[in-house]
Amino acid sequence: MAPAHPQSPDSQSEAILLAHIRQDFEAPVAAIVGYVELLAEDAPKYGLDAFVSDIARMQRAASSLQQLVARVLKGDNLTFLGDGASQDSQATGSGLRHDLRTPLNAIKGYGEMLLEETLPEPFARDLQKLLHEAERLLGRIDDLAALAVEPRDRPQALRPDFLAASNAIDLITKPAQQDTGEATRSCRILVVDDHESNRDLLSRRLTRDGHVVTVAADGAEALRLAETHPFDLILLDLIMPGISGYEVLGRLKRDPRLRDIPVIMISALDQIDSVVRCIEAGAEDYMPKPFNPVLLRARINASIEKKRLREREQIFIKQLQAEKEKSEALLLNILPMPIVARLNLGETIIADHIPDATILFADLVGFTGLSAQLSATRLIKLLNMLFSDFDRLSLNFGLEKIKTIGDAYMVAGGLTDRSADHVGNVARMALEMLEVSSNTSELLGLPLQLRIGIHTGPVIAGIIGTHRFIYDVWGDTVNTASRMESHGLPGEINVTEAVYERLRDRYVFESRGTVQLTGKGPMRAYLLRRPAA
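Mapping of the sequence shown onto this note's numbering: residues 20 to 552, in sequence order.
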């Protein structure tokens, strides 16, 4: 696409004048056409079949008027008749006055005859508005017919009342500031236009389509309403006195609360640079005046549907995030947090050599006989109560629960946080596990005794399996800790010499001498009693 060339001051001023003149004359013409269409639609509804032919004549006159005005205001052919205009130009102006009055007089004549009849109040009100717009345009025919001077004189015709248009053009031509199908259901629409007839016609049309419409006469009122009402769409006139539509659009898009409201710009200013600037500033769409009602309806429906799709997308994203958090919470119940983080980063094989870890095994003594005496429900409640307390302890001491096997409980320290005192933390947990089992035994009136074994040394840790996978540990340290538990004493914590050497200054131990471990041979063992005073 070829780059846009900047406009000279004269051509820019001319653009301001043309846009302002088009808006001034096209607004009442569009209102006339719109009100006649409303009358044609309502006549059968109110049983006014006798007047349908007269209304059809008014429609043809309105269409003829719109085409004639469009030709007069068409692009670069628009000129302005000054005091020094030629006789030919003046003759052209006279003929144009005649041509413009003909359809207007037809509309007024048929409308006034119709008004003499007994009419339903809504129908009569629309008819009166139509006649008011026709009378208003008749009063400006001389101005419209005077558009016939040389192009070089147009900029001199700029008057102070063109200031709003000038400000809008200035804003549009500056670079935008950077800042940190089917009919849709009823929605809330804000219509912003400084022409009352435009506001009324748009609101009537949109209300008929089932929408809830609020109107604003200027940019300041539009911003106040947008801040206090949850609108689904804003129809925004570009050229307005005070705060222009372009400024309103910019403020809406800079406000985090309002930036997602779709905005359709509507203006007589139909130059491509104004369209581009508005779209770049965040407008959903842009329609030149006078607009086609069917096309406007389609664009409104499309904009609202896109907004609803975006809202649905945000809901789905939040739901996905919630589901992801649920999945991660479930994952954290079986895997350590650092391992979950590594899986999220794409690691597929988790296998670590850990040079220094501490392993604890605990087992309920005589559980097989106890399970034969208890019902299934009571047995599960017992294990759940006991192991839930053990889970709480493992969290409190920063340890990792590895698994439960029947009535056996396995926990490890130093797997993910290697800077912590994992040997001391496992020892503290073991002492509290004995206390928990004793309290549970008294509470339930059951003979519960816990046997615990601890060893410290190197291990291999990782994830195995794809279905119900687990995080587990392997190695001689694990086997030794298991043997210390199975060769321990009920109600006691049996530890290896390696654990004793690490904790001898902080805890009280009792030596068991040499113990013959299955598969390991003779090993020195100690009973952990309590913390040192």
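Just so it is clear, CB atoms sit at the ideal spot from N, CA and C, and this is done for glycine as well. Quick caveat, the model's predicted, so the values are computed rather than measured.
Which residues does DSSP list as the beta-bridge partners of residue 470? 382
Just list the residues that DSSP pairs residue 549 with in beta bridges. 527
List the whole-angstrom C-beta distance separating residue 379 from residue 479, where the pair is believed to meet the contact cut-off of C-beta under 8 Å. Actually they are not in contact, since the Cβ atoms of residue 379 and residue 479 sit about 17 Å apart, beyond 8 Å.
Going by the beta-carbon positions, is the gap between residue 226 and residue 234 smaller than 7 Å? Cβ distance not < 7 Å, so residue 226 and residue 234 don't count as in contact.
Alpha-carbon to alpha-carbon, residue 515 and residue 554: Nothing about residue 554 can be read from this structure; the chain reaches only from 20 to 552.
Could you spell out the range, first to last residue, of the alpha helix (DSSP H) harbouring residue 15? This structure leaves residue 15 out entirely; the chain is present only between 20 and 552.
Just list the alpha helix (DSSP H) runs in the region 214 to 284, keeping only unbroken ones of 4 residues or longer that don't cross its boundaries, in chain order. 215 to 227, 238 to 247, 264 to 273
Neighbourhood of residue 271 by C-beta distance below 8 Å, restricted to the same chain and skipping five residues each side: 242, 245, 253, 277, 278, 280, 282, 301
Could you spell out where the alpha helix (DSSP H) holding residue 307 opens and where it closes? Residue 307 -> not in any alpha helix (DSSP H); beta strand (DSSP E) instead, spanning 304 to 307.
Can you tell me whether residue 121 is helix, strand or coil according to DSSP? helix
Looking only at its own chain, which residues have a Cβ that is under 6 Å from the Cβ of residue 468, when we skip the five neighbours before and after it? 384, 509, 510
Helix, strand or coil at residue 486 [DSSP, three-state]: coil
Express the C-alpha separation of residue 220 and residue 98 in angstroms, rounding to a whole number. Since pLDDT at residue 98 reaches only 49, below the 50 mark, its modelled position is unreliable, and no value is offered.
Compare the C-alpha of residue 497 against each of 151, 295, 340, 474 and name the closest. 474
Assuming the contact rule is C-beta atoms closer than 8 Å, residue 377 and residue 445 should be a hit. Round their C-beta distance to whole Å, please. 4 Å
Let's see if you can read the secondary structure: which residues bound the beta strand (DSSP E) around residue 65? Taken as a continuous stretch (DSSP letters only), residue 65 belongs to no beta strand (DSSP E), as it is neither H nor E.
Residues bridged to residue 372 (per DSSP): 479
Evaluate the contact criterion for the region 308 to 325 versus the region 348 to 359: three or more CB pairs, one atom per stretch, below 8 Å. no
Alpha-carbon to alpha-carbon, residue 64 and residue 87: When the Cα atoms are used, residue 87 and residue 64 turn out to be separated by approximately 31 Å.
Rounded to a whole number of angstroms, what is the C-alpha to C-alpha distance between residue 371 and residue 549? 33 Å
With DSSP run on the structure shown, which of helix, strand or coil describes residue 311? coil
N-terminal and C-terminal residue of the beta strand (DSSP E) that residue 512 is part of: 512 to 515
What are the residues that DSSP puts in a beta bridge with residue 427? 382, 424
Segment contact flag, the region 437 to 455 with the region 516 to 528, C-beta cutoff 8 Å, min 3 pairs: yes
Relative to the C-alpha of residue 147, which candidate in 127, 66, 483 has its C-alpha closest? 127
So what's residue 364 in DSSP terms, helix, strand or just coil? coil
For residue 535, which residues does DSSP report across the bridge? 541, per the DSSP bridge assignment.
Taking just the CA atoms, how far does residue 520 sit from residue 358? One Cα belongs to residue 358, the other to residue 520, and the distance between them is close to 31 Å.
What is the DSSP secondary structure of residue 197, reduced to helix, strand or coil? In this prediction, residue 197 scores a pLDDT of 43, lower than 50, which makes its location untrustworthy; the coordinate-derived value is nonetheless stated afterwards. It is coil, neither helix nor strand.
Distance between residue 544 and residue 502 (C-alpha atoms, nearest Å): 11 Å
Cβ-based neighbour list, residue 325, same chain, cut-off 8 Å, excluding 5 preceding and 5 following: Here the set comprises 281, 303.
For residue 154 and residue 91, what's the separation of their Cα atoms in angstroms? 19 Å
Buried or exposed: which applies to residue 106, given that a residue is buried once 16 or more other Cβ atoms fall within 10 Å of its Cβ? Confidence in residue 106 is poor, its pLDDT being 45 and thus under 50, which makes the residue's placement too unreliable to answer from.
Could you pull out every residue in the same chain whose Cβ sits closer than 7 Å to the Cβ of residue 213, ignoring the five residues on either side in sequence? Sequence-distant partners of residue 213 (beyond 5 residues in either direction) whose C-beta falls short of 7 Å from its own C-beta, in its chain, are 236, 237, 256, 259, 260.
Report yes if the CB atom of residue 73 is closer than 7 Å to the CB atom of residue 142, and no otherwise. It is not a contact, given that the beta carbons lie outside the stated cut-off.
Label residue 70 either buried or exposed according to how many other C-beta atoms from any shown protein chain fall within 10 Å of its C-beta, with 16 as the threshold for buried. buried
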